[in-house]
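In my numbering, the protein residues as written are 649 to 1617.
Ideal placement from N, C-alpha and C gives every residue a C-beta, glycine not left out.
In this text, all values refer to a predicted model and were calculated from it rather than measured experimentally.
Comments concern the structure below.
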């Protein structure tokens, strides 16, 4: 007859116990091996803030200089979207069309190989390349991580050098050194002035010679190059032939022949001025701090350093810090190189807090053990489970390629009580058998055997709770995978230790204190043990009254059941009113202020308003310094920017970060000319923007704007909504050149020739690259002088070379632009968004302290559902709200699976279909404690509290198993 699961398990754990008792040295070496493996693995573990997660997102970025958002959408974004919409595994596709930039974003299902998807996207874009405008730069296809935030920011300033000199040093020395650091994925340079060889055309000279800007660009490209011309083979030797035509001195560009008129060569210097100058400045960086008692925003060249996906944040930041110190020694003395943002410090502080929590939790746990067992030997025997289990957990973390991060350390800190629980139960039962008069070996064997099944059941129940957490679906499952696996493995090790180390030490280590129990002589005890003995007697008296209370409960089952139902109802009443949010607020001593000025605002105006805002921020006593960037990043515009605000450490200020942000929201809103938005520190859970994001979608632009305005106005009065805003900020001024095709054709012009003349003049056209003596390349750009690009009237005086030749001069005729086109001042969108092949406008909003994101979003959804939006137009919640809703489903599924697994395990071990229900029925009763604790501490339901609830289920199950097992025996 086959043995049942109970007999199999009993045989397994008693085999471990018997071997350990008979061979104590072997058992000790097993424990030592686990500790050694854990210590070695710990030294090899990388440190990071959160688990490394690969986001299945690919972007296709295309640059088309000078093109308006409408042109970018029509000619670039839409064709790419339509080509990529059939990519396998695609979950969502969207695009943003800006001035001269198209960004198409593809989000894939989580099971898709991102590298393969990136190659597929690259191939499909290559197939439609000929359908895109020939003037665009080649589309860049790359994997995108929404958490790609700068891990370190470095500023360069000098009181003696120009911004151009600083920028050259940043590009040629500092950036080159940083890029050589392993793990650095990219460097965004803000501020400064980039060196550029500018070919500034003279409109009068161009008109008199009948030369067009494209002719100038083609001549420069043709003459400034080095061409291989083959080789000469002579016997055993061969020589390469090259035509060296690279221009060494920028002034030599003026000698290039761009045309021949009546047999006379027209050189570049005849129609343009060669200027060794700077590119158009479209961004700025400012470092705000007190210098010599004076508060100021000083211009700087800032380098924001990003890491590659999978690189260790702390290691990369440490390498950047070391490189910064190294550069400070070799750069000129007048240059100040400073780290203004360092994520590794926040990571180290966060991990140090968790490590301190683990240490304090372990000490408190051991203290409680001593209080109840009243024996230092029993405390040591059970307490050894903690270091063995925790240290050995590092080994499995290394095997699975985990890192020391917030989630893995959180797993260990929460598991402390779980880890030592098994050892306490085993040791306490062994002591009970010793007090019954048995010898140590017999007590160790029989005590372990008697309680072993319950210990196995409790450990398996805890594992059954956390394994579903590790394998939750969605992004939340990826985040908590390391958490669940770490807890499960640590619990398994603690179970192993409970059946090996505990019985072994109990069998050989005589413990007279534990044997005497409540009959020990208090007069011979030290004060600590005397206090423990008194507590032990008090607790035994409490335990003696337990049967009386239990008897009352059994004879008044109706009242007990009524109280249980009422407690569940009370918990059900409180929990939904606590509010639901993504993450609890935390004080990181830093936050960001995103600001925008009116559409069409110049860089100079935005910088001036940013200085006003940052000066006000630094007037707050808690602010240490500010770091401002305007127009930076691949989506930056001259009217947008961000201010990184660094606060003083928490122990040096009275107000919390949340209190400061709440006060600033009210005060910043009073500054005219800006639209500020305050966001917290970005993390793997979010924080990159405002938590509420509503995508209003529809086919037609005008009606879409109306629908978006309806949604925006509807959510403004909702309690808890902060800083609501729309991505449709208004329109920017633009000049439309409306060409009369008939007149243009009669004058020998076409749309292409007109656009080909205007684009280089006002947007600039890169004609070539010039290499300086140090080997660094700089753009050679054909453009109008700055003085001729300031007023709309400048465009009216342009003449376009015609394809018709003037018989009297033999040169192309020059046709005034106003003869063939009407120049009209108008307005156009600053950006155009699309999602799943539909146009959209995004409504964003923050959430005030004291309100849950979920509750505010639900109120907003109810309000929007009651709106009378035009037919074909709808609103979709995305961002943190979408993640929150998905998380609720995944965590709910994990809870249900945990309950099912617990039932399967308990039914198998107890051999009963009904006894597990006695344990499972106690689970909902624990929710009252959860709700009251959150209510008293003014907490809310979030990802972390939900994980706490799941852990609580494991603890409640363990208690129930022990009671049922003792009742059965």
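(Q) Please state the DSSP three-state secondary structure of residue 973. (A) Residue 973: helix per DSSP, three-state reduction.
| field | Cα-Cα separation, residue 1056 to residue 970 | value | Going by the C-alpha atoms only, they are around 28 Å apart.
Burial state of residue 854, where buried means 16 or more other Cβ atoms lie within 10 Å
By the 16-neighbour rule on beta-carbons within 10 angstroms, residue 854 is buried.
Of the choices 1529, 1472, 1032, 659, whose alpha-carbon is the least far from that of residue 1500?
Comparing Cα-Cα distances from residue 1500 to each of 1529, 1472, 1032, 659, the minimum goes to 1529.
ask   = How is the beta strand (DSSP E) around residue 836 delimited, first residue to last?
value = For residue 836, the uninterrupted beta strand (DSSP E) run begins and ends at 832-838, by DSSP.
For residue 942, which three-state DSSP category applies? Assignment of residue 942 by DSSP, reduced to helix, strand and coil, places it in the strand class.
Item to complete: Could you tell me the distance, in whole angstroms, from the CA atom of residue 1472 to the CA atom of residue 1379?
Response: Cα-Cα distance, rounded: 15 Å.
Return the residue from the list 1406, 1255, 1410 that minimises the CA-CA distance to residue 1464.
-> Measuring C-alpha to C-alpha distances from residue 1464 to each of 1406, 1255, 1410 identifies 1406 as the nearest.
Which of the three DSSP states, helix, strand or coil, is assigned to residue 1225?
-> Three-state DSSP puts residue 1225 in a helix.
- Query: What do you reckon, are the CB atoms on residue 805 and residue 932 nearer than 7 Å?
  - Reply: Going by C-beta atoms, residue 805 is not nearer than 7 Å to residue 932.
Notebook entry, point to check: Thinking just about the alpha-carbon of each residue, which of 1595, 660, 667, 658 is nearest to the one in residue 1132?
Noted result: Residue 1595 is the option with its Cα nearest to residue 1132.
Q) Taking the beta strand (DSSP E) that residue 1290 falls in, what are its first and last residues? A) Run containing residue 1290: 1288-1295, per the beta strand (DSSP E) assignment.
Please return the same chain residues whose Cβ sits closer than 6 Å to the Cβ of residue 1227, not counting the five positions on each side in sequence.
The residues are 1500, 1503, 1588.
query = Hey, would you say residue 1113 sits closer than 7 Å to residue 1601, going by beta carbons?
reply = Yes, the pair counts as a contact, with Cβ atoms nearer than the cut-off.
With distances taken from CA atoms, which of 732, 767, 745, 742 is nearest residue 776? Selected option, being the one with the closest Cα: 732.
query = Among the residues of its own chain, which have a CB less than 6 Å from the CB of residue 1338, if the five just before and after it don't count?
reply = Cβ within range, chain order: 1492, 1493, 1494.
### Start-to-end residues for the alpha helix (DSSP H) that takes in residue 1361
Following the DSSP letters along the chain, one finds residue 1361 inside the alpha helix (DSSP H) bounded by residues 1349-1363.
**Request:** Mind checking which residues open and close the alpha helix (DSSP H) that includes residue 1314?
**Result:** Annotation: the continuous alpha helix (DSSP H) that includes residue 1314 extends over 1305-1316.
Ranges of the beta strand (DSSP E) found wholly within the region 736-800, counting only runs of at least 3 = Entirely contained in the region 736-800, the beta strand (DSSP E) runs reaching 3 residues are, in chain order, 738-746, 749-756, 788-791.
Q) What are the boundary residues of the beta strand (DSSP E) that residue 1492 is part of? A) Segment 1486-1495, the beta strand (DSSP E) holding residue 1492.
Starting from residue 1470, follow its DSSP beta bridges and name the residues at the other end. Beta-bridge annotation (DSSP): residue 1470 is paired with 1386.
Along the chain, where does the beta strand (DSSP E) containing residue 920 start, and where does it finish? That run of the beta strand (DSSP E) goes 920-926.
**OP:** Within the region 1085-1146, note down every full alpha helix (DSSP H) run reaching 4 residues or more, in order along the chain.
**Re:** The qualifying runs are 1088-1118, 1122-1146.
Given residue 1327 as reference, the closest of 1318, 1306, 1315 once Cα atoms are compared:
Here the closest residue by C-alpha is 1306.
(Q) Does the contact criterion of 3 or more C-beta pairs under 8 Å hold for the region 1065-1080 versus the region 1027-1047? (A) By the C-beta criterion, the region 1065-1080 is judged to be in contact with the region 1027-1047, since at least 3 inter-stretch pairs fall below 8 Å.
Next item on the list: Using alpha carbons as the reference points, say which of 977, 1428, 1052, 1443 lies closest to residue 699.
Entry: That would be 1052, whose Cα lies nearest to the Cα of residue 699.
Residue range of the alpha helix (DSSP H) that includes residue 1252: Taken as a continuous stretch (DSSP letters only), the alpha helix (DSSP H) holding residue 1252 covers 1251-1266.
Beta-carbon proximity of residue 1415 to residue 865, cut-off 7 Å
Yes, these two residues count as a Cβ contact at 7 Å.
Residue 1187 versus residue 1196: straight-line alpha-carbon distance, rounded | Their backbone Cα atoms lie some 15 Å apart in a straight line.
>> As a quick exercise: from 1254, 1560, 1393, pick the residue whose alpha carbon is nearest that of residue 1245.
In response: When 1254, 1560, 1393 are compared, the shortest CA-CA separation from residue 1245 is found for 1254.
Check your understanding: Unbroken alpha helix (DSSP H) runs of length 4 or more, entirely within the region 1494-1536: which are they?
Key -> Within the region 1494-1536, the complete alpha helix (DSSP H) runs of at least 4 residues are 1501-1513.
| query | With C-beta atoms as the reference, is residue 1450 less than 7 Å away from residue 1412? | reply | Contact: no.
query = Leaving out the 5 sequence neighbours to the left and right, which residues in its chain are closer than 6 Å to residue 1371 when beta-carbon positions are compared?
reply = Answer for residue 1371: 1325, 1494, listed in chain order.
Fill in: residue 824, buried or exposed, once every other Cβ within 10 Å from all chains shown has been counted against 16
Exposed.
- Taking residue 1488 and residue 1345 to be in contact with their CB atoms under 8 Å, please state how far apart those CB atoms are, rounded to whole angstroms. Beta-carbon to beta-carbon, residue 1488 and residue 1345 are separated by about 4 Å, close enough to satisfy the 8 Å threshold.
- With a 10 Å radius around its C-beta and 16 neighbouring C-beta atoms as the bar for buried, classify residue 950 as buried or exposed. Residue 950 counts as buried, since at least 16 other C-beta atoms from the protein chains shown sit within 10 angstroms of its C-beta.
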